[in-house]
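Residue numbers (numbering that gives the first Met the number 0), protein chains in the order written: chain A, 0 to 345; chain B, 0 to 345.
Beta carbons: idealized from backbone N, C-alpha and C, even for Gly.
Bear in mind that the values here come from a model prediction, so they are computed numbers and not experimental data.
Working notes, structure below.
There are 2 protein chains.
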Amino acid sequence: MRPENGKKTPISSLGEFRLIEHLTRWAGTNHSSTVKGVGDDAAVIRHGHRHTVVTTDLLLEGIHFNLVYTPLKHLGYKAVVVNLSDVYAMNAVPGQVTVSLGISGKFFVEDMEELYEGVKLACEQYGVDLVGGDVSASMTGLIISVTAVGESEPEKLVYRSGARPGDLICVSGDMGAAYLGLQVLEREKRLYEADRSVQPKLEGYDYVLQRQLRPEARRDVVEFFRKEKLVPNAMIDISDGLSSDLLHICHRSEVGCRLYVDRIPVHDEARKVAEEFSMEPETVALNGGEDYELLFTLPGAQGEKIIGVPGITVLGEIISEKDEKWLITSGGNRVPLTAQGWNQIR
Amino acid sequence: MRPENGKKTPISSLGEFRLIEHLTRWAGTNHSSTVKGVGDDAAVIRHGHRHTVVTTDLLLEGIHFNLVYTPLKHLGYKAVVVNLSDVYAMNAVPGQVTVSLGISGKFFVEDMEELYEGVKLACEQYGVDLVGGDVSASMTGLIISVTAVGESEPEKLVYRSGARPGDLICVSGDMGAAYLGLQVLEREKRLYEADRSVQPKLEGYDYVLQRQLRPEARRDVVEFFRKEKLVPNAMIDISDGLSSDLLHICHRSEVGCRLYVDRIPVHDEARKVAEEFSMEPETVALNGGEDYELLFTLPGAQGEKIIGVPGITVLGEIISEKDEKWLITSGGNRVPLTAQGWNQIR
């Protein structure tokens with residue numbers, strides 16, 4: 000009883016980001032307790048003198064994960080961690096998660112126990128409680144919906160929109176390894192599918208595989224900020240890719256940026272694997288995604304507190320010209336920074 | 000690379016409720032801000048002097064809804080409302096929702112606009128803000144994940160576990176109509192599939208169809224409680240079915256109950272439709288589900304505040320013997336109350 004397809008607009012013509020912007024453009028912050036609505040890593044709600052932070056993520060088999068090479072325990076761990084990462088990206092501290100599952104007929108109780116072992120491990124590791132969720136049947140495949148709740152003093156919350164000209168662009172950890180781990184897994188899957196007697200060769204890929212299958216959220220960075228009494232001007236976690244996520248900050252903050260390619264941190268193993276796949280390590284680092292590192296901007300005057308801190312890299316600076324988003328190559332040339340991030344609806 | 004099925008346990012051997020209990024039995028309330036975890040309509044979190052309530056629901060095409068007869072706008076409305084219903088069932092006031100979608104290739108931008116019209120209408124109707132969510136591709140069908148956030152003064156929150164012997168068992172509205180609406184839609188679908196020239200006959204089924212396709216959450220009942228300074232001892236919203244949800248209250252409260260069959264409110268149209276389908280109206284009212292009415296218990300001494308209030312019915316009483324859950328028939332016989340609610344994983 001639905002209308003047949005006349006001249007409807009394919010979803011691919013908009014893409015994921017523009018579709019959600021298009022669909023939610025009416026959404027305001029009308030309720031007295033709503034501090035921040037659509038468009039950041041998490042929503043912010045005022046309940047008393049501390050703010051509540053809420054974020055949610057939907058993980059779908061065949062789209063966000065492939066069970067051929069993803070152990071269910073790792074998947075449960077990752078499903079929780081990527082949501083905690085969104086809470087940390089607000090400079091908030093997560094306290095609770097809910098996990099809801101849609102399960103198709105191919106799964107057994109033991110499979111779900113394995114998945115929940117990963118959920119439990121992540122809860123223990125990050126000191127959060129599992130407080131809800133349910134399970135229901137699904138027609139095809141596994142569906143995981145996770146919501147994370149955190150809190151913060153209002154004045155410590157950090158949005159995507161706070162970047163100011165002169166800010167240093169900083170990042171934790173290194174980039175590109177998770178994407179390369181996925182390439183290794185996909186390659187071994189193809190070889191196995193072509194010849195079932197082939198054993199997957201995964202030795203020597205420890206770091207990139209771990210980054211793909213069992214990422215961690217940067218709780219330590221948020222704790223470092225609190226210890227050093229640092230509050231970034233803007234922050235986002237890198238899920239789509241460094242370039243795409245930096246462009247989100249620029250867009251929301253109405254500023255431009257200069258990003259120095261040769262400063263982008265890439266792990267030695269990732270560099271080696273990129274070359275094995277005939278990819279430029281820096282291109283992978285810019286566009287790979289799923290790093291779950293924190294990308295943040297700090298006033299230049301606070302640079303001394305961050306420069307030289309192990310595991311934190313200054314990548315460039317924010318500039319006032321909002322139409323100027325530049326990548327500065329090692330030769331000193333500038334090329335426009337574009338989002339080639341992992342956009343799932345192409 | 001997953002183990003082959005040796006002697007694994009089918010999920011059907013446990014069922015939805017026992018599976019989620021089984022998987023989450025390790026989950027405690029360790030974090031200092033966790034007030035209430037797994038096992039109620041919503042989780043409760045302490046952030047300052049007001050408590051935050053969080054609930055989440057996953058709706059899957061082919062399991063929870065059928066797009067052959069469900070207009071997308073109604074679906075968007077219902078997806079929000081069923082979550083708000085969970086917040087009201089805590090005697091809390093919802094303020095925000097997030098909506099995440101998984102969309103397969105058969106959908107177009109206009110379809111999602113229609114769905115979001117329903118989301119918007121529900122947000123306006125209930126005075127809540129849409130504050131987040133995202134969209135991604137899905138392999139098959141439509142997936143809707145909604146999270147609702149509400150708040151309450153700590154002393155007004157009502158759990159499933161608070162029922163005490165001597166409490167009156169009360170319910171808002173009437174039961175069974177949503178289930179009957181679904182039967183009508185399924186019948187017309189079968190007729191249409193057998194002969195595509197048949198036009199669906201939906202006249203005369205207005206009430207049961209509306210209860211199925213566009214349910215409302217009982218905001219008015221929670222407002223009535225606040226106005227009358229009433230705080231129920233226990234409360235749940237009826238999603239699984241009156242009998243199943245009353246058993247949830249008894250189980251969590253460690254009490255028994257007596258439920259008088261001839262007091263169960265059934266709408267005239269629902270009674271007529273039940274007879275058309277050769278069903279006992281009371282059986283449908285007990286087991287149908289998706290009513291989204293509030294089932295609550297009040298100390299007997301407060302009975303005078305509730306008896307005679309239009310739209311509220313006293314169905315029976317809570318008793319101390321926790322192994323005695325009785326249905327009292329119109330002839331005065333007693334039969335054990337059992338959950339035949341709509342359990343999706345059988």
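Exposed unless 16 or more other CB atoms sit within 10 angstroms - verdict on residue i
i	result
F224(B)	buried
K77(A)	buried
N29(A)	exposed
S319(B)	exposed
R49(B)	buried
D239(A)	buried
K6(B)	exposed
E20(B)	exposed
V67(B)	exposed
I306(A)	exposed
E281(A)	buried
Chain A contact residues for residue i, given Cβ-Cβ distances below 8 Å
i	result
N29(B)	G126 and D128
P9(B)	F107 and V108
M111(B)	I10, L18 and L22
E202(B)	Those do not exist, as E202(B) stays about 15 Å from chain A at its closest Cβ, beyond 8 Å.
I62(B)	G101, S135, A136, S137 and M138
Spatial neighbours of residue i in its chain, beta-carbon cut-off 8 Å, leaving aside the 5 residues before and after
i	result
T51(A)	V43, I44, R45, V148, G149 and E150
R333(A)	R257, W325, L326 and I327
P347(A)	Summary: the structure shown does not reach residue 347(A), with chain A confined to residues 0 through 345, and so no result is reported for it.
N90(A)	S151, K155, L156, V157, V221, F224, V230, P231 and M234
Q339(A)	G240, S242, S243, L285 and N286
Y291(A)	V80, V81, S84, A177, P214, E215, A216, R217, D236, I237 and S238
Own chain, CB closer than 6 Å to residue i, minus 5 neighbours either side, in chain order
i	result
Y158(A)	D39
I317(A)	A162, P164, D166, V254, C256 and T296
K321(A)	E253, V254 and G255
E279(A)	none
V98(A)	V118, G132 and V145
Whole-angstrom C-beta distance between residue j and residue i, which should lie under 8 Å
i	j	result
G140(A)	G61(A)	6 Å
E215(B)	V80(B)	6 Å
L293(A)	V220(A)	5 Å
Q390(A)	E289(A)	Since the first residue shown for chain A is 0 and the last is 345, residue 390(A) is missing from the structure and cannot be characterised.
T55(A)	T146(A)	4 Å
D236(B)	D133(B)	Going by Cβ atoms, the distance from D236(B) to D133(B) rounds to 27 Å, so no, they are not a contact pair.
D128(A)	G75(A)	Wrong, their Cβ atoms sit about 15 Å apart, outside the cutoff.
R213(A)	H73(A)	5 Å
S144(A)	L58(B)	No, S144(A) and L58(B) are not in contact; Cβ-Cβ is about 10 Å, not under 8 Å.
V130(B)	G131(A)	That belief does not hold up - the Cβ atoms of V130(B) and G131(A) are roughly 18 Å apart, past 8 Å.
L314(A)	R251(A)	About 18 Å; that fails the 8 Å criterion.
Contact list for residue i against chain B, beta-carbon separation under 7 Å
i	result
I19(A)	D133 and V134
A42(A)	Q95, T97, V130 and G131
L13(A)	V108
Y291(A)	Those do not exist, as Y291(A) stays about 16 Å from chain B at its closest Cβ, beyond 7 Å.
Contacting residues, own chain, Cβ-Cβ under 7 Å from residue i (five flanking each side not counted)
i	result
P199(A)	E187 and Y191
H266(A)	D173, A176 and Y206
G330(A)	none
V283(B)	G175, Y178, L179 and A273
Q301(B)	L229
T337(B)	S242
Y259(B)	L314, G315 and I327
E185(A)	none
Beta-carbon neighbours of residue i, restricted to chain A and to distances below 9 Å
i	result
L59(B)	G101, S135, A136, S137, M138 and I142
G36(B)	Q95, D128, L129, V130 and G131
Closer than 7 Å at the beta carbon, the chain A residues around residue i
i	result
S32(B)	G94 and E150
W25(B)	K119
Y158(B)	Those do not exist, as Y158(B) stays about 13 Å from chain A at its closest Cβ, beyond 7 Å.
Y259(B)	Ordered by position in chain A, no residue passes the 7 Å Cβ test against Y259(B), which lies about 31 Å from the chain.
Y178(B)	Near Y178(B) there are no residues of chain A at all, since even the closest Cβ is about 17 Å away, more than 7 Å.
Contacts of residue i in chain B (Cβ-Cβ under 8 Å)
i	result
R49(A)	H46 and G47
Y76(A)	Simply none; closest approach about 15 Å.
Chain B contact residues for residue i, given Cβ-Cβ distances below 9 Å
i	result
V53(A)	T51, V53, Q95, T97, V130, G131, T146 and V148
Contact between the segment 271-284 of chain B and the segment 123-141 of chain B is defined here as three or more beta-carbon pairs at a separation below 8 Å; is this criterion met?
No: the two stretches stay apart, fewer than three of their Cβ pairs being nearer than 8 Å.
Note to self: Tell me whether the segment 102-116 of chain A and the segment 3-18 of chain B touch, counting them as touching only if at least three CB pairs, one residue from each stretch, are closer than 8 Å.
What the structure shows: yes
For the segment 90-109 of chain B and the segment 235-250 of chain B, state whether three or more C-beta atom pairs, one from each stretch, are separated by less than 8 Å.
no
query = Hey, is the segment 287-302 of chain A in contact with the segment 229-237 of chain A, meaning 3+ C-beta pairs nearer than 8 Å?
reply = yes
Can at least three beta-carbon pairs, one atom from the segment 21-37 of chain B and one from the segment 273-290 of chain A, be found at a separation below 8 Å? no
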